[in-house]
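Top line first, the protein sequences correspond to chains A and B.
Here the numbering used here is used: the first residue of the first sequence is 1, the next is one more, and so on.
Here the numbering used here is used: the first residue of the second sequence is 1001, the next is one more, and so on.
No residue lacks a Cβ here, since even glycine has one placed at the ideal position from N, Cα and C.
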Amino acid sequence: MSGLRARPDTMRVKRLTAVKKEAEETVSLHFSDELCSHASPGQYVMVWNPEAEEVPMSLSSMEHDGTSSVLVRQVGESTRALCGLKRGDRIGLRGPFGNGYTIHGSSPLIVAGGTGAAPLTPLAEKMASERLRPTFVLGARSEDQLVYRGRLEKLLGRDLLIATDDGSSGFKGLASEYAAKLMGRRRFDSVYVCGPELMMAAIFKEAVGMRVPIQASLERYIKCAVGLCGICAIGPFRVCKDGPVFNTEQLLAVQDEFGKKRMEPSGRAVRVDK
Amino acid sequence: MTKSLGPVPRGGHRNPTFISVEGGALNAMGLPNPGAEYFVESIKELRREKTPVVASFFGSSIDEFGEVAGILSDAGADALELNCSCPNVEGEMGMLGVDPSNTERATSAVKEVAKPPVFVKLSPNVTDISEIARAAERGGADAITAVNTLKGMAVDAYLRRPVLSNITGGLSGPALKPVALRCVWEIAEAVEIPIIGCGGVSSWRDAVEFMLCGATAVEVGTAVMERGFEVFGEVVEGIRDYLEENGFRGVRDVVGLAREA
Chain A
1 MSGLRARPDT MRVKRLTAVK KEAEETVSLH FSDELCSHAS PGQYVMVWNP
51 EAEEVPMSLS SMEHDGTSSV LVRQVGESTR ALCGLKRGDR IGLRGPFGNG
101 YTIHGSSPLI VAGGTGAAPL TPLAEKMASE RLRPTFVLGA RSEDQLVYRG
151 RLEKLLGRDL LIATDDGSSG FKGLASEYAA KLMGRRRFDS VYVCGPELMM
201 AAIFKEAVGM RVPIQASLER YIKCAVGLCG ICAIGPFRVC KDGPVFNTEQ
251 LLAVQDEFGK KRMEPSGRAV RVDK
Chain B
1001 MTKSLGPVPR GGHRNPTFIS VEGGALNAMG LPNPGAEYFV ESIKELRREK
1051 TPVVASFFGS SIDEFGEVAG ILSDAGADAL ELNCSCPNVE GEMGMLGVDP
1101 SNTERATSAV KEVAKPPVFV KLSPNVTDIS EIARAAERGG ADAITAVNTL
1151 KGMAVDAYLR RPVLSNITGG LSGPALKPVA LRCVWEIAEA VEIPIIGCGG
1201 VSSWRDAVEF MLCGATAVEV GTAVMERGFE VFGEVVEGIR DYLEENGFRG
1251 VRDVVGLARE A
């Protein structure tokens, strides 16, 4: 395309190979990109609909045939623009960036809240390929908001557990409450979470109390994605480069921010309210 | 070295604001910052931890430059860097640093209120950079930082449109180095005050090249992308080894040496 060899930090323009509805106001965008197809679960890409703003999105699948996808839920202007795309439309891509999850232990618990299932579903698939059997809590506000349920059921069978806030499916209540229950009943030796920050902070507290190592994928406003601009900083870390996945020790080091405050684009701190 | 602070909070331009290009990076962040007043606490905290702070700042008028400089000076910054050369907000606030008399006036306004040394960071996007450097020196600058990013742009062949939301951005990284070296060379010819070289410093060797052209110190930015924060230590160690290996007693022995060749 240009004189550049494909490097993660350069922008590639790709046509969407498929757009699939995954839940209410939620689609997955599929594209073919060599670098993304080799990414690790938990890594993210900067996705640009040329009509709107470029935004960070976790990779939700990385396939052997070279295709990958991101999961997009309409929450604002940029995500609405992405959800409006059709097969054949072009997007700009930078990445994959960030560290991804590190699999360890033999009895993993995965807790996904809402679109937090995006990086955790390929993580569960990777675990399964390594002969690990994770317990997976898939949470959402209601049944029609659950994503990747079919894909996870096929993979995990009865180890997929559903939680909905309104009780329309599975456990009635927050995914974090369900996770705390499970952790009280059974000994897990590693926990992997992604979802609303308050949910993650609640599970973090639980895991620390029980001395179970945890990894959480944080979301912050990201601009450069390569560790230069500093707008995504949390404590001494840059979410774009040192994260987005942080472990227990790192999360303990940023306890005064995690689940409490984040920076808005100007660099002013605002309260984390979900 | 802080990001550039202004009188009021700014969210900056919308993404895409950054892309890698051949030999470097293009950015048009658009001076996002929480406002100088808001940042005062952070400066004080850094000072308590004994971290030297160079506060970079900007304004949209001569008065604003003075106002922001006063806030940062009172906060206890060890030095101020007057950024009158950001290429990404030209439409909004003009680029003061392309005009010698404005550069001189802004510098004197800042010098009037600032207690610590004031560096003036210059733009390479000018016809004659030595003229601007002389203006900053007349205004009372304690040092010149050269240079800020070079104005550029990227267009995608398939999207058939500019990539950065701001259309143009600032080029940094290795591709900027030859331009920056030339600027330092010309400024060294024109002024007596020290020069801080920057623009593509990724290694000790780049740093030494800047010093040979007349820089007393260097700044490192874009190299963090590929080499991480370790790059700062690597550059310092490398300079030390170079000096020792070649029998120099210190950086001063090297500054401007290429000019004598």
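Counting only the same chain and skipping the five closest in sequence on each side, list residues whose C-beta sits under 7 angstroms from that of residue i.
i	result
G88(A)	R15 and L16
V1040(B)	I1071 and A1075
E63(A)	S37
R80(A)	Q74
D9(A)	R94 and V226
Can you find a CB in chain A that lies within less than 8 angstroms of the CB of residue i?
i	result
M1001(B)	no
M1225(B)	yes
P1100(B)	no
T1017(B)	yes
R1048(B)	no
A1108(B)	It is worth fixing the name first, because residue 1108(B) is Ser in this sequence and not Ala. By this cut-off, S1108(B) is not an interface position.
M1153(B)	no
G1012(B)	yes
P1178(B)	no
Y1038(B)	yes
P1007(B)	no
D1156(B)	yes
S1085(B)	no
T981(B)	The question about residue 981(B) has no answer here: the residues shown for chain B are numbered 1001 through 1261.
S1020(B)	yes
L1171(B)	no
G1199(B)	no
T1222(B)	yes
Leaving out the 5 sequence neighbours to the left and right, which residues in its chain are closer than 6 angstroms to residue i when beta-carbon positions are compared?
i	result
S168(A)	S142 and E143
L1046(B)	V1053
M1(A)	Because M1(A) sits at a pLDDT of 44, beneath the cut-off of 50, its placement in the model cannot be relied upon, and the point is left open.
A1055(B)	T1002, L1072, A1077 and L1080
V171(A)	The sequence as given places Phe at residue 171(A); Val does not occur at that position. Hits under 6 angstroms: A163 and Y178.
F1065(B)	G1059, A1106, A1109 and V1110
Here's the rule: buried if 16 or more other CB atoms are within 10 angstroms of the residue's CB, otherwise exposed. What is residue i?
i	result
L218(A)	buried
A140(A)	buried
G1152(B)	buried
D1074(B)	exposed
H38(A)	exposed
K1121(B)	buried
N1246(B)	exposed
P236(A)	exposed
G150(A)	exposed
D33(A)	buried
H104(A)	exposed
V270(A)	exposed
G3(A)	Only weak support exists for where G3(A) lies, its pLDDT of 45 falling under 50; the value from the coordinates is given anyway. So G3(A) counts as exposed.
E1219(B)	buried
A1025(B)	buried
D1156(B)	buried
R1205(B)	exposed
Taking the alpha carbon of residue i as the reference point, which residue from the options has its own alpha carbon closest?
i	options	result
S1130(B)	E1112(B), P1174(B), E1192(B) and T1149(B)	E1192(B)
G92(A)	R12(A), P265(A) and K274(A)	R12(A)
G243(A)	V212(A), V111(A) and P96(A)	P96(A)
A1261(B)	A1069(B), C1213(B), A1143(B) and V1235(B)	C1213(B)
K1177(B)	R1161(B), G1228(B), R1160(B) and S1203(B)	S1203(B)
A1069(B)	T1127(B), P1007(B) and G1023(B)	P1007(B)
S1101(B)	K1115(B), G1066(B) and E1137(B)	E1137(B)
I1296(B)	I1187(B), G1173(B) and I1167(B)	Absent from the structure is residue 1296(B), since the part of chain B shown begins at 1001 and ends at 1261.
L146(A)	M210(A), E22(A), R262(A) and M199(A)	E22(A)
Any Cβ of chain B within less than 8 angstroms of the Cβ of residue i?
i	result
C224(A)	yes
E53(A)	yes
I234(A)	no
T10(A)	yes
C229(A)	yes
V75(A)	no
R7(A)	yes
V239(A)	no
P244(A)	no
L4(A)	Confidence at L4(A) is low in this model, with a pLDDT of 48, below 50, so the placement of that residue should be treated as unreliable; the coordinate-derived value is given next. For L4(A), the answer is yes, since a Cβ of chain B falls inside 8 angstroms of its Cβ.
R90(A)	yes
P96(A)	no
Excluding the five sequence neighbours on either side, which residues of its own chain have a C-beta within less than 8 angstroms of the C-beta of residue i, listed in chain order?
i	result
P1180(B)	The question names Pro, but residue 1180(B) in the sequence shown is Ala. Hits under 8 angstroms: P1124, A1146, V1147, G1197, C1198, G1199, G1200 and F1210.
A130(A)	The question names Ala, but residue 130(A) in the sequence shown is Glu. Answer for E130(A): I103, listed in chain order.
Taking 7 angstroms as the cut-off, is the beta-carbon of residue i closer than that to any non-hydrogen atom of the ligand COA?
i	result
L1159(B)	Inclusion of the ligand COA in the displayed structure is not the case, the ligand content being empty and no account of it being possible.
Would you mind listing the alpha helix (DSSP H) stretches within the stretch 77-129 of chain A that are 4+ residues and don't spill past its ends, in chain order?
77-83 and 117-129
What runs of the beta strand (DSSP E), each 3 residues or longer, lie entirely inside the stretch 1042-1078 of chain B?
1054-1057
Start-end ranges of the beta strand (DSSP E) lying completely within the stretch 1075-1135 of chain B, minimum 3 residues
1079-1083 and 1118-1122
Residue ranges of each alpha helix (DSSP H) run of no fewer than 4 residues wholly in the stretch 1159-1238 of chain B, ordered along the chain?
1177-1190, 1204-1213 and 1224-1227
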